[in-house]
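Only one structure is covered here, and it is reproduced in the block below.
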Amino acid sequence: MQTSTLLGLGPGVAAAVVILAALAAAVHRWALDGGWLPPLTASLRAVVQLAVVALLVAQLGQNPWLALGFALLMFVIATVTSGRRVDRARWWWSAGPIAAGVLPATAVLLVTGVLPFAGLALIALIGQQVGGAMTTTSLAGRRVVAELAGRRGEVEAAVALGFEWPAARLLVARHTAREALVPALDQTRTVGTVTLPGAFVGMVLGGASPVDAAIVQLVVLVSLLAVGSLSAAATLWLCASGGWGLSAGGLAREV
1 MQTSTLLGLG
11 PGVAAAVVIL
21 AALAAAVHRW
31 ALDGGWLPPL
41 TASLRAVVQL
51 AVVALLVAQL
61 GQNPWLALGF
71 ALLMFVIATV
81 TSGRRVDRAR
91 WWWSAGPIAA
101 GVLPATAVLL
111 VTGVLPFAGL
121 ALIALIGQQV
131 GGAMTTTSLA
141 GRRVVAELAG
151 RRGEVEAAVA
161 LGFEWPAARL
171 LVARHTAREA
181 LVPALDQTRT
191 VGTVTLPGAF
201 VGMVLGGASP
211 VDAAIVQLVV
221 LVSLLAVGSL
231 SAAATLWLCA
241 SGGWGLSAGG
251 LAREV
């Protein structure tokens with residue numbers, strides 16, 4: 001059955017999802033030596049969570065305050081998810097980098113009038129930003145922590161030369177936090193030439209002109225760049241200043 005989603009949503013959907021999840025699990029197990037479960041459990045969670053969200057969004061979208069409450073739930077889940085990737089003992093520290101990315105970007109969009117105070121718009125935009133901040137915090141945190149652990153001798157040498165601990169950690173690990181921005185930078189650089197992102201396609205299918213869709217997609221991509229940059233910087237600062245991720249529970253390995 002062909003629909004306005006550009007994909008066939010008939011019985012083949014279930015078969016495709018099962019086959020692709022099994023393929024991901026097999027590769028994760030045999031090629032990456034990571035076990036079967038992570039891809040399978042992630043896929044199952046996606047099925048359940050998207051089913052719930054599909055039922056809720058129609059109601060939440062009618063009330064901007066309920067939408068903000070749902071966005072707060074997104075933030076909490078993102079904090080737990082990202083924090084446990086970096087430091088299980090102090091996972092709540094990830095709330096700082098995620099908030100540091102999302103709040104300023106959302107404020108700019110609201111103040112300029114680009115983001116209306118409407119339920120569906122708030123859920124859509126804030127949700128993307130929380131997701132982007134979560135990914136950046138996880139990537140930046142893990143890279144910085146691994147770099148500091150691997151080059152601990154250089155950090156201690158810098159301290160012996162008179163640097164404070166935060167400055168010594170920054171000296172060693174500053175460049176690694178930038179690597180977390182590579183996905184967002186590549187997506188922005190190649191938009192329209194490698195792929196057409198979801199916001200653009202969705203708006204065109206919904207009846208918007210390609211020009212309007214392109215403008216909205218530009219706002220989304222640039223806002224995600226700002227979110228990622230702020231989250232990466234805040235993650236670097238936390239790791240350097242407070243030693244986040246360097247505790248006994250730091251740098252969770254499972255993926």
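All residue numbers in the sequence shown are consecutive under full-length UniProt numbering, ending with 255.
Yeah, the Cβ is synthetic: ideal placement off N, Cα and C, and Gly gets one too.
So S231 is in the alpha helix (DSSP H); what residue range does that whole segment cover? For S231, the enclosing alpha helix (DSSP H) starts and ends at P210 to G242.
Helix, strand or coil, according to DSSP, for D33 in the structure here? DSSP places D33 in coil when its eight states are reduced to three.
Residue interval of the alpha helix (DSSP H) (run including A143): Correcting the residue type first, residue 143 is Arg in the shown sequence and not Ala. Bounds of the alpha helix (DSSP H) holding R143 are G119 to G150.
Report all residues from its chain with a CB closer than 7 Å to the CB of residue 260; omit the five preceding and five following residues, and keep chain order. Coverage of the chain is limited to positions 1 through 255, which leaves residue 260 absent and any answer about it impossible.
Give me whichever residues DSSP pairs with D186 in a beta bridge. D186 pairs with nothing; no bridge assigned.
For I98 and A78, which I take to be in contact (beta-carbon distance under 8 Å), what is that distance rounded to the nearest angstrom? Rounded, the Cβ-Cβ distance is 6 Å, consistent with contact.
Under 8 Å, with one C-beta from each stretch per pair, do the segment 84 to 97 and the segment 229 to 240 reach the 3-pair mark? Yes: at least three Cβ pairs fall under 8 Å.
Looking only at its chain, what residues have a beta carbon closer than 6 Å to the beta carbon of A173, apart from the 5 residues adjacent to it on each side? Excluding sequence neighbours, A173 sits near V144, E147 and L148.
Around the C-beta of T190, are 16 or more other C-beta atoms found within 10 angstroms, so that it is buried, or is it exposed? By the neighbour-count rule (16 or more Cβ atoms within 10 Å), T190 is not buried but exposed.
What does the alpha-carbon distance come out to for the pair A177 and G242? Per the coordinates, the alpha-carbon of A177 lies some 16 Å from the alpha-carbon of G242.
With a Cβ-Cβ cutoff of 8 Å, do L238 and W65 count as a contact? When the beta-carbon positions are compared, L238 and W65 stay at least 8 Å from each other.
For the alpha helix (DSSP H) holding T176, just list the boundary residues, first then last. Taken as a continuous stretch (DSSP letters only), the alpha helix (DSSP H) holding T176 covers W165 to A177.
Using a Cβ cut-off of 8 Å (strictly closer), state whether W36 contacts chain B. Judged by its chain identifiers, the structure shown contains no chain B, having just a single protein chain.
Should V108 and I126 be called a contact, given that it needs their Cβ atoms to be closer than 8 Å? No, these two residues do not count as a Cβ contact at 8 Å.
Kindly indicate the opening and closing residues of the alpha helix (DSSP H) around W65. Residues P64 to V86.
Cβ neighbours of A105 in the same chain (closer than 7 Å, five flanking residues each side left out): For A105, same chain residues with a beta-carbon under 7 Å away, outside a window of 5 residues either side, are Q129, S223, A226 and V227 in chain order.
How many angstroms separate the CA atom of Q49 from the CA atom of P166? When only Cα atoms are considered, Q49 and P166 end up about 40 Å apart.
Close-in-space but distant-in-sequence residues of the same chain around F163 (CB under 8 Å, 5 per side omitted): Only L171 meet the Cβ criterion.
Residue burial classification, W91 (beta-carbon count within 10 angstroms, cutoff 16): W91 sits buried, since 16 or more C-beta atoms from the chains shown fall within 10 Å of its C-beta.
What's the gap between the Cα of V155 and the Cα of W244? Between V155 and W244, the C-alpha separation is close to 15 Å.
Between the C-alpha atoms of A240 and T135, what's the straight-line distance to the nearest angstrom? If I take the Cα positions, the gap works out to 19 Å.
Sub-8 Å separation of A184 and G141 beta-carbons: No, the Cβ-Cβ distance between A184 and G141 is not below 8 Å.
For my contact list, S138 and V86 are in at a C-beta cut-off of 8 Å; report their separation, rounded to the angstrom. Sure, about 7 Å apart at Cβ, within 8 Å.
Just the C-alpha distance for I19 and G35, rounded to the nearest angstrom, thanks. Approximately 17 Å between the Cα atoms of the pair.
Can you give the beta carbon distance from A21 to P39, rounded, assuming they're within the 8 Å contact cut? Between P39 and A21 the Cβ distance is about 6 Å, and since that is below 8 Å, they are a contact.
DSSP-derived helix/strand/coil call for V194: In the three-state scheme derived from DSSP, where H, G and I count as helix and E and B as strand, V194 is classed as coil.
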